[in-house]
Amino acid sequence: MAESFMGFLNDVPLESQEFVLELDTFLKEKGCRRTIKEAKSGFVTSYSFPGSGRTLLNYVFRKTGLKIRVYAQHVGKYSLILSDFPLSMKRDIIKAGDCKKLNGLNCTPTCSGGYSFEMDGVLYKKCKNMAFFHSMDTNNFTHIRKLIESEIEYDE
Numbered sequence: 032m033a034e035s036f037m038g039f040l041n042d043v044p045l046e047s048q049e050f051v052l053e054l055d056t057f058l059k060e061k062g063c064r065r066t067i068k069e070a071k072s073g074f075v076t077s078y079s080f081p082g083s084g085r086t087l088l089n090y091v092f093r094k095t096g097l098k099i100r101v102y103a104q105h106v107g108k109y110s111l112i113l114s115d116f117p118l119s120m121k122r123d124i125i126k127a128g129d130c131k132k133l134n135g136l137n138c139t140p141t142c143s144g145g146y147s148f149e150m151d152g153v154l155y156k157k158c159k160n161m162a163f164f165h166s167m168d169t170n171n172f173t174h175i176r177k178l179i180e181s182e183i184e185y186d187e
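In my numbering, the protein residues as written are 32 to 187.
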């Protein structure tokens, strides 16, 4: 497993490595389990909650660079933090696909549904797979960390 993590870390852009390492330490201290799988576009590294096994986040490599997907199941309880997000992150959230289930439409049978939350006074019902899917940009690190910390706090 250590070799896989080092392989993943070597593929992480240099400007993101320190953040990825700090977040890894924080998540392991919280009891999260890390899994790493190789995919066509690079490693997929995921962290899941202890006990439930519910995935908290994963890193994925895309042509546009390293991205992080946070599964913010409890975002409706702490959505005020979204008001401090940079405009680029807010745009990502706004352009993310709407949740079919929350909007009365059919989705895949395995879909558990997305997230309903407010951001800047607007109610959103977004797909869980795309709502909090952000580029690993140094301007985003503080906000990504706050999102993850809030999700852990509400899951405990």
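Virtual Cβ for every residue (Gly too), placed ideally from N, Cα, C.
Between Phe164 and Phe116, what straight-line distance do the alpha-carbon atoms span, to the nearest angstrom?
-> As a position in the sequence shown, residue 164 is number 133, starting the count at 1. As a position in the sequence shown, residue 116 is number 85, starting the count at 1. Taking the straight line from one Cα to the other gives about 13 Å.
Use the C-beta contact count for Glu49: other C-beta atoms within 10 angstroms, 16 or more gives buried, fewer gives exposed.
-> Walking along the sequence shown from the start, residue 49 turns up at place 18. Looking at its Cβ environment, which holds fewer than 16 other Cβ atoms inside 10 Å, Glu49 is exposed.
Around the Cβ of Asn171, are there at least 16 other Cβ atoms within 10 angstroms (buried) or fewer (exposed)?
-> For the purposes of this step, residue 171 is identified with residue 140 of the sequence shown, where counting begins at 1. Burial is judged here by how many other beta carbons sit within 10 angstroms of a residue's own beta carbon; Asn171 has at least 16 and is buried.
Which one or two residues does DSSP pair with Ala70 in a beta bridge?
-> For the purposes of this step, residue 70 is taken as the residue at position 39 of the sequence shown. Assignment of beta-bridge partners to Ala70 by DSSP yields Gly73.
Compare the Cα-Cα distances from Gly145 to each of Lys159, Val153, Asn134 and Leu154 and report the closest residue.
-> In the sequence shown, the residue the question calls residue 145 occupies position 114. For Gly145, the nearest C-alpha among the options comes from Lys159.
How about Phe74 and Ser110: do their beta carbons lie closer than 8 Å?
-> In the sequence shown, counting from the first residue as 1, residue 74 sits at position 43. In the sequence shown, counting from the first residue as 1, residue 110 sits at position 79. No, the pair does not count as a contact, with Cβ atoms beyond the cut-off.
What's the gap between the Cα of Cys63 and the Cα of Lys121?
-> As a working note, residue 63 is residue 32 in the sequence shown. As a working note, residue 121 is residue 90 in the sequence shown. Just so you know, the alpha carbons of Cys63 and Lys121 end up roughly 27 Å apart.
Counterpart residues of Thr96 in DSSP-defined beta bridges = If you number the sequence shown from 1, residue 96 lands on position 65. Checking the sequence, you will find Gly at residue 96 rather than Thr. Gly96 pairs with Arg93.
At least 3 beta-carbon pairs within less than 8 Å: the region 117-137 vs the region 74-85 = Taking 8 Å as the limit for Cβ pairs, the verdict is that the region 74-85 does not touch the region 117-137.
Nearest-angstrom beta carbon gap, Lys156 and Asn134 [assumed within contact, 8 Å] = What you label residue 134 is simply residue 103 of the sequence shown in a count that begins at 1. What you label residue 156 is simply residue 125 of the sequence shown in a count that begins at 1. Sure, about 6 Å apart at Cβ, within 8 Å.
Simplified DSSP assignment, three categories, for Phe146 | Taking the sequence shown and counting its residues from 1, one reaches residue 146 at position 115. In the sequence under discussion, the amino acid at residue 146 is Tyr, which differs from the Phe named in the question. Under the three-state reduction of DSSP output, Tyr146 falls in the strand class.
Mark Ile175 as exposed unless 16 or more other C-beta atoms lie within 10 angstroms of its C-beta, in which case mark it buried.
-> In the sequence shown, residue 175 corresponds to position 144, counting from 1. Result: buried.
Among Gly107, Asp168, Ser181 and Gly38, the one whose alpha carbon lies nearest that of Leu154 | Position 123 of the sequence shown, counted from the start, is the residue given in the question as residue 154. Closest by C-alpha distance to Leu154, out of Gly107, Asp168, Ser181 and Gly38, is Gly107.
To which residues does DSSP link Arg65 through a beta bridge?
-> Reading the sequence shown from its first residue, position 34 is the one you call residue 65. In the DSSP output, where bridge partners are listed per residue, Arg65 has Tyr78.
Give the straight-line distance between the Cα atoms of Gly38 and Gly152, rounded to the nearest whole angstrom.
-> Sequence index remark: in the sequence shown, residue 38 carries index 7 (1-based). Sequence index remark: in the sequence shown, residue 152 carries index 121 (1-based). Taking the straight line joining both Cα atoms gives about 42 Å.
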